[in-house]
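To keep things clear, I will list the structure first and then write my remarks on it.
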Amino acid sequence: MHGGKASTPAVQLRGIHKFYGEVHALCGVDLNIGRGEVCVAIGPSGSGKSTLLRCINQLEVISAGRVFLNGELQGYSERDAKLHPLHPKQIARQRRLTGMVFQRFNLFPHMTALQNVIEGPVQVKRERKATARERGTAILERVGLHGLGDRYPNQLSGGQQQRVAIARALAMEPEVMLFDEPTSALDPELVGEVLDVIKDLAKSGMTMMLVTHEIGFAREVADHLIFMDKGAVVESGLPQGVLSNPEEARTRAFLSKVL
Amino acid sequence: MTEVTSSSLTGERATGAPRSNTDRFIAKDVVPRRHPGRWVAVVFLAIVSVQIAAELAVNENFHWGVFVKYLFDMQVIRGVGWTLLLTVAAMTVAVVVAVSLVIMRESDNPILRGLSWGWIWFFRGTPIYTQLLFWGLFSVLFPRLSLSIPFGPEIVGVDTKWIVTPAMAAVLGLGFNESAYLTEIFRAGFKAIDRGQTEAAQAIGMSRAKIWIRILMPQAMRTIIPPTGNETIGMLKMTSLVLAVPFTLDLMFATNAIANRTYLPVPLLMVAAFWYLSITSVLMVGQYYLERHFGKGHDSQPVNGGTA
Numbered sequence: 001m002h003g004g005k006a007s008t009p010a011v012q013l014r015g016i017h018k019f020y021g022e023v024h025a026l027c028g029v030d031l032n033i034g035r036g037e038v039c040v041a042i043g044p045s046g047s048g049k050s051t052l053l054r055c056i057n058q059l060e061v062i063s064a065g066r067v068f069l070n071g072e073l074q075g076y077s078e079r080d081a082k083l084h085p086l087h088p089k090q091i092a093r094q095r096r097l098t099g100m101v102f103q104r105f106n107l108f109p110h111m112t113a114l115q116n117v118i119e120g121p122v123q124v125k126r127e128r129k130a131t132a133r134e135r136g137t138a139i140l141e142r143v144g145l146h147g148l149g150d151r152y153p154n155q156l157s158g159g160q161q162q163r164v165a166i167a168r169a170l171a172m173e174p175e176v177m178l179f180d181e182p183t184s185a186l187d188p189e190l191v192g193e194v195l196d197v198i199k200d201l202a203k204s205g206m207t208m209m210l211v212t213h214e215i216g217f218a219r220e221v222a223d224h225l226i227f228m229d230k231g232a233v234v235e236s237g238l239p240q241g242v243l244s245n246p247e248e249a250r251t252r253a254f255l256s257k258v259l
Numbered sequence: 001m002t003e004v005t006s007s008s009l010t011g012e013r014a015t016g017a018p019r020s021n022t023d024r025f026i027a028k029d030v031v032p033r034r035h036p037g038r039w040v041a042v043v044f045l046a047i048v049s050v051q052i053a054a055e056l057a058v059n060e061n062f063h064w065g066v067f068v069k070y071l072f073d074m075q076v077i078r079g080v081g082w083t084l085l086l087t088v089a090a091m092t093v094a095v096v097v098a099v100s101l102v103i104m105r106e107s108d109n110p111i112l113r114g115l116s117w118g119w120i121w122f123f124r125g126t127p128i129y130t131q132l133l134f135w136g137l138f139s140v141l142f143p144r145l146s147l148s149i150p151f152g153p154e155i156v157g158v159d160t161k162w163i164v165t166p167a168m169a170a171v172l173g174l175g176f177n178e179s180a181y182l183t184e185i186f187r188a189g190f191k192a193i194d195r196g197q198t199e200a201a202q203a204i205g206m207s208r209a210k211i212w213i214r215i216l217m218p219q220a221m222r223t224i225i226p227p228t229g230n231e232t233i234g235m236l237k238m239t240s241l242v243l244a245v246p247f248t249l250d251l252m253f254a255t256n257a258i259a260n261r262t263y264l265p266v267p268l269l270m271v272a273a274f275w276y277l278s279i280t281s282v283l284m285v286g287q288y289y290l291e292r293h294f295g296k297g298h299d300s301q302p303v304n305g306g307t308a
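As they're listed, the protein sequences go chains A and B.
Numbers 1 to 259, taken from full-length UniProt numbering, label the letters of the first sequence in order.
Numbers 1 to 308, taken from full-length UniProt numbering, label the letters of the second sequence in order.
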């Protein structure tokens, strides 16, 4: 437990629904993530946990509900009890509050590791190139990639690429970090190096939401664990409680398969 | 004998340029494969080429003296210049229009999408020769270009013949026609980029325009350049159609005019072919460097000593 003292949670999700055509991917999800808290979502494939994560930084447009970051409504302005969509520029600005790490890294292949990291600061925050370079080098060092800034993504291992991706997100100095199955595309021997970086971040007091299949890791870093199934949060609470003493049959069924 | 020691594996660099990383090192006890068939082919082709060259050189029908005389003729050189200018100008128009059309085509706005679709439908669906004829007639069909109140007085205006000159008509005709083809090439290039690239750029707060310029375009270039190089070379030769406008200063027209005067078409056709071939060669060199530039991060070899 890190935060909890500030009055507004960093992330508030209220009654989130998401439809893909006929498919009801999220069915009214409520979730609070306090400042400095690490929230981990587990659950079977297709349970909606990645979709939920992507709603937080508006990569998915929600069908109903409200997303608040630091108490600010995301994607809309509310006037006369109606929601008016924001201009794409304002949405881009709101996204600067969050940093995201993808399952498949999504590094920019035509840029070196360092160029990937400074792209946001230089192009979005209009930071001076020299400053950004200095800061970027330091961040790369922090994720254990000292001296690899000049490599292109295809010259790096999967674990190194994912750490560059984490550095790229951190360079924007986000308040919330979102991890979408960050180790699922990695060879087993490379998972550890990425989890170590995420663990360090968690210890440093970063607010995070993490979707993962690594139950052991979830137990270790989570302040708050949610189990999702069929678009809903089935069970939520302290990781020890949910993992050792699940109340719901669906949670027990899932855990018996993965543990 | 067949024992493979570590020393024989750390081996030496194969002589000659390595074709790839994998054949840079070969063990000492591996004998390179021989290719006797290649040598037979080389000898055969050498004999045939020498015979053809000799035949061409002594064949009087080619009038090599006339070829040499007109190769650097003033009218021909001016034709080369105009053909180059038309190619560059028309391709520039085409690229600018095509980029706008691609962005319109991918936009959320149904009107822009429709416009883009309609443009491609029209310019790809009618013959270039017809379009060039139309551009040539443009100033006859619309003698005055003006901004005015409908059915009311004119605010500003100009005689069309000052704006849509034959050169301008040729450039617009060639450029607009080409833009329809380039749009499809560009669209394919952008489609080939993984959606995750846009998402990653959005996640760091980049605007739509920045994502196009910084993330999508440089990556699309890699797949766009080879077919666009093709189109440029095609355009170089398509410029000979501008006689439909009629525009009469390009290379093909110039050599034809001389040929008609001297009654010697073959050497003048050879002059035109020589220049088209030379320009194409220069363009191919340019394409090579462009491809190398935009291949960054894709074609680069894994670095030594890394964990890649």
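Backbone N, C-alpha and C define an ideal beta-carbon position, used for all residues, glycine too.
Item                                                                                                                            : Value
C-beta contact flag for L97 of chain A and E193 of chain A at 9 Å                                                               : no
CB contact check: L107 of chain A to chain B, cutoff 9 Å                                                                        : yes
Closer than 9 Å to chain A by CB, K191 of chain B                                                                               : no
Residue range of the beta strand (DSSP E) that includes R66 of chain A                                                          : A64 to L69
Test: A138 of chain A CB closer than 9 Å to a CB of chain B                                                                     : no
Members of the segment 203–214 of chain B near chain A, C-beta cut-off 7 Å                                                      : A203, I204, G205, M206, S207, R208, K210 and R214
Contact set for R133 of chain A: own chain, Cβ-Cβ below 8 Å, skip 5 residues either direction                                   : L114 and I118
Chain A contact for R113 of chain B (CB, 9 Å cutoff)                                                                            : no
Interface positions of the segment 215–226 of chain B facing chain C (Cβ-Cβ less than 9 Å), listed along the chain              : Note that chain C does not occur in the displayed structure, where the protein chains are A and B.
Where F254 of chain A falls, given that 16 or more other Cβ within 10 Å makes a residue buried                                  : buried
Meets three-Cβ-pair contact criterion under 8 Å: the segment 85–93 of chain B and the segment 169–186 of chain B                : yes
Cα-Cα separation, T92 of chain B to Q161 of chain A                                                                             : 38 Å
Beta-bridge partners of R79 of chain A, as assigned by DSSP                                                                     : A:K82
D30 of chain A in three-state terms, based on DSSP                                                                              : strand
Residues sharing a beta bridge with M100 of chain A, DSSP                                                                       : A:L178
Own chain, CB closer than 8 Å to G120 of chain A, minus 5 neighbours either side, in chain order                                : R168, A171 and M172
Minimum Cβ-Cβ distance from A94 of chain B to chain A less than 9 Å                                                             : no
Residues that C39 of chain A bridges to, as DSSP identifies them                                                                : A:M209 and A:H224
As assigned by DSSP and simplified to three states, the class of K18 of chain A                                                 : strand
Cβ-based neighbour list, L198 of chain B, same chain, cut-off 8 Å, excluding 5 preceding and 5 following                        : Going by the sequence as given, residue 198 of chain B is Thr instead of Leu. I211, I215 and L216.
Residues bridged to E154 of chain B (per DSSP)                                                                                  : B:S148
Beta-carbon gap between A180 of chain B and R222 of chain B smaller than 9 Å                                                    : no
E127 of chain A to Q202 of chain B span [Cα, whole Å]                                                                           : 18 Å
Simplified DSSP state of D159 of chain B, which is helix, strand or coil                                                        : strand
Sequence-distant residues of its chain with Cβ nearer than 7 Å to F274 of chain B (five each side left out)                     : L71
Contacts of N70 of chain A in chain B (Cβ-Cβ under 8 Å)                                                                         : Under the 8 Å cutoff, chain B gives no residues; its nearest Cβ is about 15 Å from N70 of chain A.
Buried or exposed (CB count within 10 angstroms, at least 16 for buried), E247 of chain A                                       : exposed
Cβ pair G65 of chain A, R14 of chain A closer than 9 Å                                                                          : yes
Contact with chain B by M208 of chain A, beta-carbon distance below 9 Å                                                         : no
Residues of its chain near G43 of chain A, where Cβ-Cβ distance is below 7 Å and the 5 sequence neighbours each way are ignored : K49, F227, M228, D229 and F254
Own chain, CB closer than 8 Å to T112 of chain A, minus 5 neighbours either side, in chain order                                : G149, D150, R151 and Y152
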